[in-house]
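S.K.: The structure follows.
Numbering (my numbering), first residue to last: 8 to 388.
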């Protein structure tokens with residue numbers, strides 16, 4: 008009996024020891040992954056871009072992987088305009104979380120601030136607000152605009168305009184957006200933002216919910232326009248497309264801030280439709296996003312300007328094989344309804360620099376924190 012107890016104790020000790028070793032091994036493996044993927048962060052020198060573009064527009068295609076672009080090109084039978092901008096490459100999107108893909112809050116915050124975050128955090132880490140490129144731009148006296156097809160309190164626009172412990176803290180995000188940093192808000196969320204109408208107006212904002220409500224006097228005020236929705240096609244003054252909002256935003260910023268501005272424009276429904284594996288509507292929103300990039304390029308190409316296009320992450324694990332035809336573009340090309348860790352594309356135009364000159368400054372593979380550093384260098388912010 009005594010020998011049996013001893014044997015049982017030894018077995019239990021062995022099992023516990025093995026479990027502890029396994030846990031330790033996994034922990035060390037995760038630590039190794041975390042250290043390995045962050046070892047090259049913040050090392051690229053972008054100083055050659057300093058002050059080259061006092062008007063910088065950052066386009067973010069939420070959930071837009073390279074295969075989303077290829078799929079849209081095949082569906083419409085034409086090359087995406089964004090490919091013609093100049094230099095291009097790939098962007099890593101990981102957050103502080105190991106073993107799972109980033110979410111839009113952590114990725115948006117990295118793009119906005121140049122630092123890494125935990126999933127869910129909105130430009131705030133460990134209880135401390137982290138300054139965004141929008142805040143740096145405003146400190147230099149530049150204009151700031153935020154445009155999105157998402158609710159304006161969504162993770163990406165919030166990362167550039169507010170601070171919160173969690174992306175779900177809608178009230179805190181909106182209250183944080185009632186600030187002296189952002190001059191223009193265009194996006195969805197009419198029902199929620201109407202509750203804060205008087206507070207925005209007390210901060211000098213004109214509050215409107217339709218382009219029909221906006222007169223010439225708006226150019227002397229800050230402006231927030233929360234719409235009920237932003238469709239991919241057939242927009243109206245009450246429910247405009249991203250193309251309509253891009254055109255309006257550029258006119259507004261040029262009139263109000265001819266000396267320079269930072270403008271973030273997000274196409275959020277590439278992600279939303281990909282979460283549903285709804286591929287044809289996704290291509291329509293991506294086409295609208297690409298059209299908006301061309302609108303910006305046509306207006307800014309002769310000015311001291313820059314256009315950066317990227318994504319916060321890939322959604323849907325979209326598969327695409329060269330040689331696909333329009334008839335092959337089906338929902339079954341998606342492999343998941345969640346985010347993936349796949350690297351996403353970047354495209355960049357800087358007035359006065361050729362593609363080769365840009366490639367000599369910007370590596371083919373960068374991190375999402377580098378996008379912020381590039382934007383700040385261009386603005387000298």
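Here a beta-carbon is modelled for each residue, glycine too, at the ideal position from N, C-alpha and C. For clarity, every value in this text was computed on a predicted model and none was experimentally measured.
Taking the alpha-carbon of residue 384 as reference, which of 120, 234, 336, 110 has the nearest alpha-carbon?
M.R.: For the purposes of this step, residue 384 is identified with residue 377 of the chain shown, where counting begins at 1. Of 120, 234, 336, 110, the residue nearest in Cα terms is 120.
S.K.: Quick check on the DSSP output: the beta strand (DSSP E) that includes residue 217 runs from which residue to which?
M.R.: Here residue 217 refers to the residue found at position 210 of the chain shown. Careful: residue 217 lies outside any beta strand (DSSP E) and carries neither H nor E.
S.K.: Would you kindly report the start and end of the unbroken beta strand (DSSP E) that includes residue 274?
M.R.: The residue labelled residue 274 in the question sits at position 267 within the chain shown. From DSSP, the beta strand (DSSP E) with residue 274 extends over 268–274.
S.K.: I'd like the list of long-range same chain contacts for residue 87, defined as Cβ closer than 7 Å, with 5 residues on each side in sequence excluded.
M.R.: Position 80 of the chain shown, counted from the first residue, corresponds to residue 87. Cβ within range, chain order: 76, 79, 80, 297.
S.K.: Are residue 228 and residue 212 closer than 9 Å when you measure CB to CB?
M.R.: Working through the chain shown from its first residue, we reach residue 228 at position 221. Working through the chain shown from its first residue, we reach residue 212 at position 205. For residue 228 and residue 212, yes; Cβs fall inside 9 Å.
S.K.: Going along the chain, which unbroken runs of the beta strand (DSSP E) with 3 or more residues stay wholly within the region 143–199?
M.R.: Qualifying beta strand (DSSP E) stretches, in chain order: 150–158, 191–195.
S.K.: Can you confirm whether the region 358–366 touches the region 93–102 when touching is taken to mean that 3 or more C-beta pairs between the two stretches lie within less than 8 Å?
M.R.: Touching, per the Cβ criterion.
S.K.: In this structure, how does DSSP classify residue 332 when only helix, strand and coil are distinguished?
M.R.: Mapped onto the chain shown, residue 332 falls at position 325. DSSP places residue 332 in coil when its eight states are reduced to three.
S.K.: Taking contact to mean at least 3 C-beta pairs separated by less than 8 Å, is the region 110–119 in contact with the region 369–381?
M.R.: They touch, by the three-pair rule.
S.K.: Compute the beta-carbon to beta-carbon distance between residue 191 and residue 271, rounded to the nearest angstrom, for a pair I have assumed lies under 8 Å.
M.R.: Working through the chain shown from its first residue, we reach residue 191 at position 184. Working through the chain shown from its first residue, we reach residue 271 at position 264. Between residue 271 and residue 191 the Cβ distance is about 10 Å, and since that is not below 8 Å, they are no contact.
S.K.: Under the three-state reduction of DSSP, which class applies to residue 309: helix, strand or coil?
M.R.: The residue labelled residue 309 in the question sits at position 302 within the chain shown. If DSSP states are grouped into helix, strand and coil, residue 309 belongs with coil.
S.K.: If you run the structure through DSSP and keep just helix, strand and coil, what is residue 131?
M.R.: The residue labelled residue 131 in the question sits at position 124 within the chain shown. Three-state result, residue 131: strand.
S.K.: Measure the C-alpha to C-alpha separation of residue 72 and residue 195 and round it to an integer number of angstroms.
M.R.: For the purposes of this step, residue 72 is taken as residue 65 along the chain shown, with counting starting at 1. For the purposes of this step, residue 195 is taken as residue 188 along the chain shown, with counting starting at 1. Distance between the alpha carbons of residue 72 and residue 195 is about 24 Å.
S.K.: Could you pull out every residue in the same chain whose Cβ sits closer than 8 Å to the Cβ of residue 104, ignoring the five residues on either side in sequence?
M.R.: Locating residue 104 in the chain shown gives position 97, where the first residue counts as 1. Closer than 8 Å at Cβ, skipping near neighbours: 113, 125, 126.
S.K.: Determine the direct distance from the alpha carbon of residue 313 to that of residue 356, and round the result to whole angstroms.
M.R.: As a working note, residue 356 is residue 349 in the chain shown. As a working note, residue 313 is residue 306 in the chain shown. The alpha-carbon atoms of residue 356 and residue 313 are separated by roughly 5 Å.
S.K.: Residue 255 by DSSP, collapsed to three states: which one?
M.R.: The count along the chain shown starts at 1 and reaches residue 255 at position 248. DSSP places residue 255 in helix when its eight states are reduced to three.
S.K.: Can you give me the C-alpha to C-alpha distance between residue 222 and residue 251, rounded to a whole angstrom?
M.R.: Counted from its first residue, the chain shown places residue 222 at position 215. Counted from its first residue, the chain shown places residue 251 at position 244. Distance between the alpha carbons of residue 222 and residue 251: 16 Å.
S.K.: DSSP puts residue 136 in a beta bridge; with which residues?
M.R.: By one-based count along the chain shown, residue 136 stands at place 129. Paired residue(s): 131.
S.K.: Using DSSP with H/G/I as helix, E/B as strand and the rest coil, what is residue 115?
M.R.: Translated into positions along the chain shown, residue 115 becomes position 108. In this structure, residue 115 counts as helix in the three-state DSSP scheme.
S.K.: Flag this pair as touching only if the region 289–296 and the region 42–52 have three or more C-beta atom pairs under 8 Å; answer yes or no.
M.R.: No: the two stretches stay apart, fewer than three of their Cβ pairs being nearer than 8 Å.
S.K.: At 4 residues or longer, and completely inside the region 316–367: list those alpha helix (DSSP H) runs for me, N to C.
M.R.: The region 316–367 contains no whole alpha helix (DSSP H) run of 4 or more residues.
S.K.: Could you compute how far the alpha carbon of residue 53 sits from the alpha carbon of residue 60?
M.R.: Here the question's residue 53 lines up with position 46 in the chain shown. Here the question's residue 60 lines up with position 53 in the chain shown. Taking the straight line from one Cα to the other gives about 13 Å.
S.K.: Assuming residue 122 contacts residue 140 under a Cβ cut-off of 8 Å, what Cβ separation, rounded to an integer in Å, is found between them?
M.R.: Taking the first residue of the chain shown as 1, we reach residue 122 at position 115. Taking the first residue of the chain shown as 1, we reach residue 140 at position 133. That belief does not hold up - the Cβ atoms of residue 122 and residue 140 are roughly 12 Å apart, past 8 Å.
S.K.: Can you give the beta carbon distance from residue 319 to residue 111, rounded, assuming they're within the 8 Å contact cut?
M.R.: Locating residue 319 in the chain shown gives position 312, where the first residue counts as 1. Locating residue 111 in the chain shown gives position 104, where the first residue counts as 1. Indeed they touch by this definition, with Cβ atoms about 5 Å apart.
S.K.: According to DSSP, is residue 377 part of a helix, a strand, or is it coil?
M.R.: Stepping through the chain shown from its first residue, residue 377 is reached at position 370. Correct three-state label for residue 377: helix.
S.K.: In this structure, does DSSP put residue 289 in helix, strand or coil?
M.R.: The residue labelled residue 289 in the question sits at position 282 within the chain shown. DSSP places residue 289 in helix when its eight states are reduced to three.
S.K.: From residue 179 to residue 166, what does the alpha carbon distance come to, in whole angstroms?
M.R.: As a first step, residue 179 must be located in the chain shown, where it is residue number 172. As a first step, residue 166 must be located in the chain shown, where it is residue number 159. Whole-angstrom Cα-Cα distance: 12 Å.
S.K.: By DSSP, does residue 60 sit in helix, in strand, or in coil?
M.R.: Against the chain shown, residue 60 aligns to sequence position 53. Reduced to three states, the DSSP call for residue 60 is coil.
S.K.: Are the Cβ atoms of residue 316 and residue 161 separated by less than 9 Å?
M.R.: Taking the first residue of the chain shown as position 1, residue 316 is located at position 309. Taking the first residue of the chain shown as position 1, residue 161 is located at position 154. Contact flag unset, no.
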